[in-house]
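> Structure provided below as structure tokens; questions to follow.
There are 2 protein chains.
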Amino acid sequence: MTPHAKTKAPPETPAYLSRIPEAEAAIRRTADRLTQPRVAVLACLMSLDHAASHFDVAQALAKHHPIDRVTVYRVLEWLVEVGIAHRIAGDDRVWRFMINDPNASIVPHHQHAHFTCNTCGQTFCLDDVPNKLNFRLPVGFKPSEVDLKFRGLCLHCT
Amino acid sequence: MTPHAKTKAPPETPAYLSRIPEAEAAIRRTADRLTQPRVAVLACLMSLDHAASHFDVAQALAKHHPIDRVTVYRVLEWLVEVGIAHRIAGDDRVWRFMINDPNASIVPHHQHAHFTCNTCGQTFCLDDVPNKLNFRLPVGFKPSEVDLKFRGLCLHCT
DNA sequence: TTGCATCTAACAACTCAGTTGCATCTAGTG
DNA sequence: CACTAGATGCAACTGAGTTGTTAGATGCAA
Numbered sequence: 793m794t795p796h797a798k799t800k801a802p803p804e805t806p807a808y809l810s811r812i813p814e815a816e817a818a819i820r821r822t823a824d825r826l827t828q829p830r831v832a833v834l835a836c837l838m839s840l841d842h843a844a845s846h847f848d849v850a851q852a853l854a855k856h857h858p859i860d861r862v863t864v865y866r867v868l869e870w871l872v873e874v875g876i877a878h879r880i881a882g883d884d885r886v887w888r889f890m891i892n893d894p895n896a897s898i899v900p901h902h903q904h905a906h907f908t909c910n911t912c913g914q915t916f917c918l919d920d921v922p923n924k925l926n927f928r929l930p931v932g933f934k935p936s937e938v939d940l941k942f943r944g945l946c947l948h949c950t
Numbered sequence: 793m794t795p796h797a798k799t800k801a802p803p804e805t806p807a808y809l810s811r812i813p814e815a816e817a818a819i820r821r822t823a824d825r826l827t828q829p830r831v832a833v834l835a836c837l838m839s840l841d842h843a844a845s846h847f848d849v850a851q852a853l854a855k856h857h858p859i860d861r862v863t864v865y866r867v868l869e870w871l872v873e874v875g876i877a878h879r880i881a882g883d884d885r886v887w888r889f890m891i892n893d894p895n896a897s898i899v900p901h902h903q904h905a906h907f908t909c910n911t912c913g914q915t916f917c918l919d920d921v922p923n924k925l926n927f928r929l930p931v932g933f934k935p936s937e938v939d940l941k942f943r944g945l946c947l948h949c950t
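Quick mapping for you: the protein sequence lines, in order, are chains A and L.
Per my numbering, the first sequence starts with residue 793, numbered consecutively.
Per my numbering, the second sequence starts with residue 793, numbered consecutively.
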């Protein structure tokens, strides 16, 4: 084990590297330019099963693809704009980002749920949870979006 | 949503003034001190049917009860601690606060819903909505809290 | 391949909500 | 009335996210 491993150091060969071809393909499908930061950030998101903050992304890429933090912000924002990812508001005032499920509907950030683990702090998407819910709101409230958040123990920390 | 996308200027005689006796009574029920900032902040929250940010509160009190913004933060935090109010995380990275429904359960911030209006930007509590929902989460996820947020058109903006 | 218009990245400087440290003051008690 | 724990006010700080500007890539057309 590495000494002083307070935060777990990234592995020698980061998992996101293998996702680079997949990321390039997805970016080419957009009308915008294929750039190194976009590829790296998207590959990073693709390698995760949970939501990542701008800081998580910048840190994961620091060794092999160091990217300015403003660029990370802008790439993440762009990924949301073009519909590749969606953003999640956390309780700690930090945005987290996650790849959209390609099987989901066209507006996947609507009507789907998130789960934040109280132990490891990571946020997961639960895409198939709330579709079958129908809410009864007080008279006069006309909802257009629903955001459902759970907190508790995730499957890794059980 | 613009931060503090606020409404009109407060009236000559702020509505919160009439809530001061009620606020004093509630604070006396706690084990802590009755202070002017606590009374004013609580009365302010009591006069609203929607959630208020620290900025909303400070602004509402500015004329008759000017209070340092750090004190507003600390009083709001204290109100949450003693169970008089609860805090809501908004999409604009701003905490908003609202009085707890005295008829609700002991932990009212669990298992209740919020509604944010896309037009006026205000956030309301919908206390009686999600109690009857039972969710089916993926295997391994053990939720302890649920937070349900709606966005759309509120009853004032219909 | 080269030239070029346009888009994108990097850097610095900034905004803004929220926090911390500390000296001063005050509510409640005796 | 005096005393003290606890609250307030002020200043300085933190950290996420944004904006402006310049330099550098990218992709298309010639």
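Every residue, glycine too, gets a C-beta built ideally from N, C-alpha and C.
Owing to the predicted nature of the structure, the values given are computational and were not obtained by experimental measurement.
Does the beta-carbon distance from L/R879 to L/W887 come in below 9 Å?
Start at 1 with the first residue of the second sequence, and residue 879 of chain L comes out as number 87. Start at 1 with the first residue of the second sequence, and residue 887 of chain L comes out as number 95. Yes.
> If we define contact as Cβ-Cβ less than 9 Å, is A/V874 a contact residue for chain L?
Taking the first residue of the first sequence as 1, we reach residue 874 of chain A at position 82. No, no contact with chain L.
> Around the Cβ of A/F889, are there at least 16 other Cβ atoms within 10 angstroms (buried) or fewer (exposed)?
For the purposes of this step, residue 889 of chain A is taken as residue 97 along the first sequence, with counting starting at 1. Buried: at least 16 other Cβ atoms inside 10 Å.
> Measure the C-alpha to C-alpha separation of L/R943 and A/V938 and round it to an integer number of angstroms.
In the second sequence, residue 943 of chain L corresponds to position 151, counting from 1. In the first sequence, residue 938 of chain A corresponds to position 146, counting from 1. Between L/R943 and A/V938, the C-alpha separation is close to 6 Å.
> By Cβ distance below 7 Å, which residues in the same chain neighbour A/A815 in space, the five residues on each side in sequence not counted?
Residue 815 of chain A sits at position 23 when you count from the first residue of the first sequence. So the qualifying residues of the chain are V831, L834, A835 and M838.
> Under 9 Å, do L/P813 and L/L853 count as touching if we go by C-beta distance?
Translated into positions along the second sequence, residue 813 of chain L becomes position 21. Translated into positions along the second sequence, residue 853 of chain L becomes position 61. Going by C-beta atoms, L/P813 is not nearer than 9 Å to L/L853.
> Would you call the CB atoms of A/L945 and A/C909 closer than 9 Å?
Here residue 945 of chain A refers to the residue found at position 153 of the first sequence. Here residue 909 of chain A refers to the residue found at position 117 of the first sequence. Taking 9 Å as the Cβ cut-off, A/L945 and A/C909 qualify as a contacting pair.
> Would DSSP call L/P915 helix, strand or coil?
Position 123 of the second sequence, counting from 1, holds the residue named residue 915 of chain L. It should be noted that the sequence gives Thr, not Pro, for residue 915 of chain L. Reduced to three states, the DSSP call for L/T915 is strand.
> Rounded to whole angstroms, what's the CA-CA distance from L/T950 to A/I859? Just pull it up for me.
In the second sequence, residue 950 of chain L corresponds to position 158, counting from 1. In the first sequence, residue 859 of chain A corresponds to position 67, counting from 1. Near 46 Å, if we compare the C-alpha coordinates of A/I859 and L/T950.
> Using a Cβ-Cβ cut-off of 9 Å, state whether A/C946 counts as contacting chain L.
Position 154 of the first sequence, counted from the start, is the residue given in the question as residue 946 of chain A. By this cut-off, A/C946 is an interface position.
> Would you mind sorting A/F847 into buried or exposed? The rule is 16 or more other CB atoms within 10 Å of its CB.
Counting from one through the first sequence, the residue named residue 847 of chain A turns up at place 55. Looking at its Cβ environment, which holds fewer than 16 other Cβ atoms inside 10 Å, A/F847 is exposed.
> Kindly indicate if chain A contains any beta-carbon less than 9 Å away from that of L/K855.
Your numbering for residue 855 of chain L matches position 63 in the second sequence. For L/K855, the answer is no, since every Cβ of chain A falls outside 9 Å of its Cβ.
> DSSP has A/V938 in a bridge; who is on the other side?
Sequence index remark: in the first sequence, residue 938 of chain A carries index 146 (1-based). Answer by DSSP bridge pairing, in chain order: L/F942.
> Measuring CA to CA, which of L/D841, L/S845, L/R861 and L/V874 is closest to L/A818?
Translated into the one-based positions of the second sequence, residue 818 of chain L becomes position 26. When each option's Cα is compared against that of L/A818, the closest is L/V874.
> Considering only their Cβ atoms, is the gap separating A/G882 from L/A881 smaller than 9 Å?
Here residue 881 of chain L refers to the residue found at position 89 when the second sequence is read from its first residue. Here residue 882 of chain A refers to the residue found at position 90 when the first sequence is read from its first residue. Yes, they are a contact pair.
> Quick check: is the beta carbon of L/S936 nearer than 9 Å to any beta carbon in chain A?
Sequence index remark: in the second sequence, residue 936 of chain L carries index 144 (1-based). It does; some Cβ of chain A falls within 9 Å.
> Considering L/C909, what are the terminal residues of the beta strand (DSSP E) in which it resides?
Mapped onto the second sequence, residue 909 of chain L falls at position 117. Run containing L/C909: H904 to C909, per the beta strand (DSSP E) assignment.
> Go through its chain and collect everything with a Cβ distance to L/A850's Cβ below 8 Å, but skip five positions before and after it.
On the second sequence, position 58 is the one that residue 850 of chain L refers to. I859, R861 and V864.
> Restricting to Cα atoms, I'd like to know which of A/G913, A/P935 and A/V867 is closest to A/R825.
Indexing the first sequence from 1 puts residue 825 of chain A at position 33. Of the candidates A/G913, A/P935 and A/V867, the one whose C-alpha sits nearest the C-alpha of A/R825 is A/V867.
> At 9 Å on the CB atoms, spell out the chain A contacts of L/R885, in chain order.
In the second sequence, the residue the question calls residue 885 of chain L occupies position 93. By Cβ distance, chain A contributes A881, R885, V886 and W887.
> Whose C-alpha, out of L/Q828, L/L947, L/H857 and L/T827, is nearest the C-alpha of A/K934?
Position 142 of the first sequence, counting from 1, holds the residue named residue 934 of chain A. Comparing Cα-Cα distances from A/K934 to each of L/Q828, L/L947, L/H857 and L/T827, the minimum goes to L/L947.
> I'd like to know whether the C-beta atoms of L/T911 and L/H842 end up nearer to each other than 9 Å.
Taking the second sequence and counting its residues from 1, the one referred to as residue 911 of chain L is at position 119. Taking the second sequence and counting its residues from 1, the one referred to as residue 842 of chain L is at position 50. Against a cut-off of 9 Å, the Cβ pair of L/H842 and L/T911 comes out as no contact.
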